[in-house]
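Structure first, commentary second.
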Amino acid sequence: MREGPGLGTQLQWDGGASPAELPRHSPRGRAAPGRLLQPGTGQKLRKLGGALCFLQLSQLRVEGPGHPVTATVGKDVVLPCHLSPRQDARSLEVRWIRDSISETVHHYRNGEDLYGEQMGAYAGRTELVRDGLSAGSLDLRIMGLRPSDDGQYVCTVVDGHAYAEAIVELEVYKWHSQACPGLSSAPDGLALSVPAEKVTLDPDTAHPQLVVSPDNKSVRRQTERQQVPDTLRRFDSWCCVLGREDFREGRHCWLVEVEGEQIKDSWWAVGVARASVERKGWIDASPKEGIWAVRYYERQLMPLTWPNTRLSLSPVPTRIWVCLDCTQQQVSFINADNGVEIFTFTAASFNGESIRPWFWLVSNSLQLFLRDSNPQTPSPALGGSCSSPDTPQTPLLGPAGAAQE
């Protein structure tokens, strides 16, 4: 565990240089730490294991998210940070740096982005999110994430003789296959899997035509409506059912498999929904109404977006990882046979609600199964402890920070 001060640690200038006079190559005064910090403080302020600490000078204070920010390689990410209390930050000097090497990732001053001191690795990949500056937001967007972007970032702010900073931890992950003993290892080394959730179906939410198995691990549709209580929790028009589990934070994955006759001509969808999703009457299955899913219809798999987004997938996967990242507000769908990403919803509007697994089944000729599997479990058809080198394997979400580009 990294050490750091408690929230609210206050430091005062000891009569040395003002923040505005600190060397530009060392935004936090590391070239002359004795002029900035009291004796013995520097070591304590090096790093904070969680994700956040703030240093306060005068009345200026900066706060980060209070938890690690997670994202996957190749995606964009926003590192959140803001003044507290919130105030207009457009006239301030804002500098984001890499904590481990004290080099500039992005520099903003007097309404302009300055790139003269920016690290080459971030050239053309960063921007200060301007929309929130007037409300005190200091968010940094990093585009096209690389494994080397993993680590701690420091948001520093200077306003005249006042200086403050916050540390934000970025964890960069990548999807890859788990290598088997005796075979060549995955390119980014040892994998850190995200264990699959043991998701179950909630029969009290199931449409009357949906038959949930006794173990709540599969569902099929029948023509006749069952005699079940018509409660507010139950879908009454669309043949949908929710999972029992509520997710509010962290990363979660579960494996859904489609089985049955005439799969090519079937109609189904899997994804997630807000706990408050509409269950009576017509449903607008879209992110606007709190549903993030992929649908198979007319022999095409496509995300439930408007306008429609068509995907070029051949063959269409019938084993799909549904991956929910509550922290980044993303929902990803991964082909469980080859680890290839199908589609990702970004900036999902969870609105602070619990998120639940969501399933929609229109065809009578098939079943949806929730498999008790995790990303390290081999394909059921193999029966061994490890897949053969020629067999597609299930994905792992592994840390990319130690990988070499």
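For the sequence shown, the UniProt record's numbering begins at 1 and goes up steadily by one. All C-beta atoms in this analysis are idealised placements derived from N, C-alpha and C, irrespective of residue type, glycine included.
Just reading off the beta strand (DSSP E) that residue i is part of, what are its end residues?
| i | result |
| --- | --- |
| residue 330 | 330-335 |
| residue 159 | 151-159 |
| residue 70 | 69-72 |
| residue 77 | 77-79 |
| residue 359 | 355-361 |
| residue 302 | 300-303 |
| residue 260 | 251-260 |
| residue 327 | Careful: residue 327 lies outside any beta strand (DSSP E) and carries neither H nor E. |
| residue 113 | 112-114 |
| residue 418 | Residue numbering for the chain in the displayed model covers 1 to 405; residue 418 lies beyond these limits and cannot be assessed. |
| residue 108 | 103-109 |
| residue 210 | 210-212 |
| residue 271 | 268-274 |
| residue 224 | Residue 224 -> no beta strand (DSSP E), and no H or E assigned at all. |
| residue 341 | 341-345 |
Excluding five sequence neighbours on each side, which residues of the same chain lie with their C-beta closer than 6 Å to the C-beta of residue i?
| i | result |
| --- | --- |
| residue 64 | 52, 81, 166 and 168 |
| residue 365 | 260, 261 and 262 |
| residue 154 | 97, 99, 165 and 167 |
| residue 274 | 290 and 353 |
| residue 217 | 370 |
| residue 235 | 207 and 279 |
| residue 215 | none |
Within a Cβ cutoff of 7 Å, which residues of the same chain sit near residue i, ignoring the five residues on either side of it in sequence?
| i | result |
| --- | --- |
| residue 252 | 197 and 324 |
| residue 222 | 209, 211 and 364 |
| residue 330 | 344, 345, 346 and 348 |
| residue 332 | 323, 341 and 344 |
| residue 243 | 199, 200, 201, 202, 356 and 357 |
| residue 455 | Because the chain in this structure spans residues 1 to 405, residue 455 falls outside the shown range and cannot be described. |
| residue 74 | 144 and 145 |
Could you check the C-alpha separation between residue i and residue j for me, to the nearest Å?
| i | j | result |
| --- | --- | --- |
| residue 320 | residue 306 | 22 Å |
| residue 91 | residue 232 | 52 Å |
| residue 157 | residue 284 | 44 Å |
| residue 58 | residue 163 | Residue placement at residue 58 is poorly supported in this model, since its pLDDT is 48, which falls under 50; the coordinates still yield a value, given next. Their backbone Cα atoms lie some 8 Å apart in a straight line. |
| residue 61 | residue 85 | 8 Å |
| residue 147 | residue 78 | 16 Å |
| residue 269 | residue 224 | 21 Å |
| residue 387 | residue 109 | Its pLDDT being 32, under 50, residue 387 is placed unreliably in this model, and the value from its coordinates should be taken loosely. Cα to Cα, the separation comes out at about 54 Å. |
| residue 117 | residue 72 | 27 Å |
| residue 50 | residue 105 | With a pLDDT of 34 at residue 50, under the threshold of 50, the modelled position of that residue is not reliable, and the figure given next carries that caveat. Each residue's alpha carbon lies about 21 Å from the other. |
| residue 70 | residue 139 | 15 Å |
| residue 282 | residue 246 | 24 Å |
| residue 308 | residue 334 | 19 Å |
| residue 114 | residue 237 | 56 Å |
| residue 159 | residue 299 | 59 Å |
| residue 227 | residue 127 | 57 Å |
| residue 170 | residue 265 | 43 Å |
| residue 76 | residue 292 | 19 Å |
| residue 107 | residue 83 | 17 Å |
Nearest to residue i by CA position, among the options, is which residue?
| i | options | result |
| --- | --- | --- |
| residue 239 | 208, 218 and 309 | 208 |
| residue 258 | 135, 79 and 362 | 362 |
| residue 137 | 370, 94, 221 and 172 | 94 |
| residue 141 | 244, 159, 122 and 148 | 122 |
| residue 111 | 105, 132, 120 and 119 | 132 |
| residue 359 | 76, 272 and 332 | 272 |
| residue 103 | 159, 227, 152 and 70 | 152 |
| residue 229 | 204, 101 and 334 | 204 |
| residue 101 | 113, 115, 107 and 119 | 119 |
Take residue i and list the residues in its own chain whose beta-carbon comes closer than 8 Å to its own, dropping the five residues that flank it on each side.
| i | result |
| --- | --- |
| residue 301 | 294, 295, 311, 313, 316, 317 and 342 |
| residue 287 | 304, 305, 345, 348 and 349 |
| residue 134 | 88, 89 and 90 |
| residue 419 | Outside the shown range of the chain, which is 1 to 405, sits residue 419, and nothing can be said about it. |
Using 8 Å for Cβ pairs, my map puts residue i next to residue j. What's the rounded Cβ distance?
| i | j | result |
| --- | --- | --- |
| residue 212 | residue 241 | 7 Å |
| residue 67 | residue 327 | 7 Å |
| residue 354 | residue 248 | 5 Å |
| residue 368 | residue 277 | Between residue 277 and residue 368 the Cβ distance is about 18 Å, and since that is not below 8 Å, they are no contact. |
| residue 150 | residue 172 | 4 Å |
| residue 267 | residue 297 | 5 Å |
Counting only C-beta atoms, is residue i closer than 8 Å to chain D at any point?
| i | result |
| --- | --- |
| residue 276 | Looking for chain D here will not work: only one protein chain is present. |
Measuring from the CB of residue i, is there a heavy atom of the ligand GTP at a distance below 7 Å?
| i | result |
| --- | --- |
| residue 307 | Ligands displayed in this structure: none; no statement on the ligand GTP is therefore possible. |
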